[in-house]
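A.B. asks:
Numbering (the numbering used here), first residue to last: 22 to 143.
#1: Mapping DSSP to helix, strand and coil, what is residue 13?
#2: Only counting the same chain, and skipping five residues up and downstream in sequence, which positions put a Cβ closer than 7 Å to that of residue 117?
#3: When you compare only the Cα positions, how much space is there between residue 32 and residue 45?
#4: Using three-state DSSP, classify residue 112 as helix, strand or coil.
#5: Any Cβ of chain B within less than 8 Å of the Cβ of residue 105?
#6: Output the distance between the C-alpha atoms of residue 73 and residue 67, rounded to the nearest integer angstrom.
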């Protein structure tokens, strides 16, 4: 009889163990299903982001080409402005030299006038 009770107890313990093992495996399967769904969503999001990134790079390249073209268009204008600035600087330098020469010619006359002594009588 002790053997029969031991066999029944072992059988009940085995059934209980199998029952909990099945529950653990079911929870594991549920977790794996959720993980698979999450991975599918991540893949979809990654593909969408890849497409958007390619579009962004394409747009940036277009903008870069556009800016380079506009710079090439404006560059001659800036060179002309630079040349005009140099010409204006040359004219200014010439005017300064001419003014200095005229100033030197006028200075002796003004010094002669200031060297005269004026006496006032009351």
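Every residue, glycine too, gets a C-beta built ideally from N, C-alpha and C.
C.D. replies: Taking the coordinates as given:
#1: With the chain running from 22 to 143 in the structure shown, residue 13 is simply not present.
#2: none
#3: When rounded, the distance between both Cα atoms is 20 Å.
#4: helix
#5: The structure shown contains no chain B; it is built from a single protein chain.
#6: 10 Å
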